[in-house]
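Engineer: Dropping a structure here in structure tokens format, bear with me for questions.
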Amino acid sequence: MSKVVRRFVVVVLALLVVGGCKGGGSKEETAHFDAGQVVRQASEAMGKVSSVGVTLRTQGDSGLLVRGGDLRLLRNGDGEGTVQVSQSGAVGEMKLVALGDAVYIKGMTGKDWRKVPKVLAGTVYDTSAVLDPDRGVAKMLASLKDPKAQAEENVAGKDCYRVGGTLPQASIGKIVPGIDGDVAGQLWIDKASHRLVRVKGNLAKGAAATIDFTEYDRPYKISAPQ
Numbered sequence: 000m001s002k003v004v005r006r007f008v009v010v011v012l013a014l015l016v017v018g019g020c021k022g023g024g025s026k027e028e029t030a031h032f033d034a035g036q037v038v039r040q041a042s043e044a045m046g047k048v049s050s051v052g053v054t055l056r057t058q059g060d061s062g063l064l065v066r067g068g069d070l071r072l073l074r075n076g077d078g079e080g081t082v083q084v085s086q087s088g089a090v091g092e093m094k095l096v097a098l099g100d101a102v103y104i105k106g107m108t109g110k111d112w113r114k115v116p117k118v119l120a121g122t123v124y125d126t127s128a129v130l131d132p133d134r135g136v137a138k139m140l141a142s143l144k145d146p147k148a149q150a151e152e153n154v155a156g157k158d159c160y161r162v163g164g165t166l167p168q169a170s171i172g173k174i175v176p177g178i179d180g181d182v183a184g185q186l187w188i189d190k191a192s193h194r195l196v197r198v199k200g201n202l203a204k205g206a207a208a209t210i211d212f213t214e215y216d217r218p219y220k221i222s223a224p225q
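Quick note: the sequence shown uses numbering that gives the first Met the number 0, first residue 0, plus one each step.
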């Protein structure tokens, strides 16, 4: 093959490669929606929620006391569920029932329930904060910094807007105890109901905390453990 032909083949192959990269399906589409408006609608919708199921997961070395949890929460602050807590390098499960001014706790090794004032139990997890319009999710949404439209995705069977922004410590710290600064994160907001489906906060050293919201407005019955 002559040098001229070889050069021609190289040029043609290069053009094909470049053209293939430009025309491929890996390029992320630009999201076209008003992120600020979506977040405002979500804040208003979350401020009206009467109850919700919350699942918290952490990935990586988050450094947080609470590493996970599954909770059912009422707007008045009552709730019940389990929380995974890190103690002395080990992670164990703690059961919680919040009722009125008290919280009943069954520790990782204890067999009996222990009753403590809610103000003390709140140092581990404050169930009353999540649906409080002035402290919890609605407040976090209202104070989200620099909301940006990222994508439209299906999460947990719901068509959602994905919004990026900075989650302020003052509100995300109420929902995920131990966060000591603002956190870059993403919100997944249901297009139909404007309610949150998922929140993800990106922590230091590649760690992350993810909160899923389910079972909205269920008639949960919270009672003291026997």
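Idealized CB from N, CA, C, for every residue including glycine.
Only counting runs of 3 or more residues, tell me where the beta strand (DSSP E) segments fall wholly within the stretch 42-103, in order along the chain.
Structural biologist: The qualifying runs are 50-58, 65-73, 78-86, 89-98.
Engineer: Ile174 and Leu63: beta carbons closer than 9 Å?
Structural biologist: Their beta carbons are not under 9 Å apart, which means Ile174 does not touch Leu63 by this criterion.
Engineer: For the stretch 28-38 against the stretch 138-151, do three or more pairs of beta-carbon atoms, one drawn from each stretch, fall closer than 8 Å, so that the two count as touching?
Structural biologist: Enough Cβ pairs lie closer than 8 Å, so yes.
Engineer: Pull up the CB-CB distance for Gly200 and Gly184, whole angstroms please, since I reckon it's below 8 Å.
Structural biologist: That belief holds up - the Cβ atoms of Gly200 and Gly184 are roughly 4 Å apart, short of 8 Å.
Engineer: Quick check: the Cα distance between Lys105 and Gln36, rounded to an integer number of angstroms?
Structural biologist: Cα to Cα, the separation comes out at about 43 Å.
Engineer: Since Arg66 contacts Glu79 with CB under 8 Å, what's their CB separation in whole angstroms?
Structural biologist: Not confirmed; about 19 Å, so no contact.
Engineer: Report the rounded CA-to-CA distance for Thr108 versus Thr126, giving the unit in angstroms.
Structural biologist: If I take the Cα positions, the gap works out to 22 Å.
Engineer: Note down the Cα distance separating Ala129 from Val51, rounded to an integer number of angstroms.
Structural biologist: Residue 129 is actually Val in this sequence, not Ala. So the alpha carbons of these two residues sit roughly 9 Å apart.
Engineer: Mind listing, in chain order, the continuous beta strand (DSSP E) runs of no fewer than 3 residues lying wholly within the stretch 145-186?
Structural biologist: Counting whole runs of 3 or more residues, the stretch 145-186 contains the beta strand (DSSP E) stretches 157-166.
Engineer: Between Val96 and Ser85, what straight-line distance do the alpha-carbon atoms span, to the nearest angstrom?
Structural biologist: Using only the alpha carbons, I get a separation of about 19 Å.
Engineer: Taking 9 Å as the cut-off, decide whether the C-beta atoms of Asp111 and Ile221 are in contact.
Structural biologist: In this structure, Ile221 does not lie closer than 9 Å to Asp111 by Cβ.
Engineer: To the nearest angstrom, report how far apart Asp189 and Gly135 are at their CA atoms.
Structural biologist: Cα to Cα, Asp189 sits roughly 18 Å from Gly135.
Engineer: In the DSSP assignment, what residue or residues form a beta bridge with Asp189?
Structural biologist: In the DSSP output, where bridge partners are listed per residue, Asp189 has Cys159.
Engineer: Once you ignore the five residues that flank Gln83 on each side, which residues in its own chain have a CB closer than 8 Å to its CB?
Structural biologist: Excluding residues within five positions, the ones whose Cβ falls inside 8 Å are Val65, Arg66, Gly67, Gly68, Val90, Gly91, Glu92, Met93.
Engineer: Have a look at the DSSP bridge pairing and note the partners of Gly205.
Structural biologist: According to DSSP, Gly205 bridges with nothing at all.
Engineer: Roughly how many whole angstroms lie between the Cα atoms of Ser142 and Leu166?
Structural biologist: Cα to Cα, the separation comes out at about 8 Å.
Engineer: Can you tell me which of Asp131, Arg194, Ser49 puts its alpha carbon nearest to the alpha carbon of Arg217?
Structural biologist: It is Ser49 whose Cα lies nearest to the Cα of Arg217.
Engineer: Using the three-state DSSP reduction, which class does Leu143 fall into: helix, strand or coil?
Structural biologist: DSSP places Leu143 in coil when its eight states are reduced to three.
Engineer: Given a threshold of 16 other Cβ atoms within 10 Å of its Cβ, counted over all protein chains shown, does Lys138 qualify as buried or as exposed?
Structural biologist: So Lys138 ends up on the buried side.
Engineer: Identify which residue in Ala223, Asp145, Lys47 has its Cα closest to the Cα of Asp133.
Structural biologist: It is Lys47 whose Cα lies nearest to the Cα of Asp133.
Engineer: Per the DSSP calculation, Pro218 is bridged to which residue(s)?
Structural biologist: Per DSSP, none; premise fails for Pro218.
Engineer: Run through the DSSP bridge pairs and tell me what Thr213 is partnered with.
Structural biologist: Gly52.
Engineer: So, is Gly59 buried or exposed, given that buried needs 16 or more other C-beta atoms within 10 angstroms?
Structural biologist: Gly59 should be labelled exposed.
Engineer: Would you give the residue range spanned by the beta strand (DSSP E) that Val115 belongs to?
Structural biologist: Start and end: 113-116.
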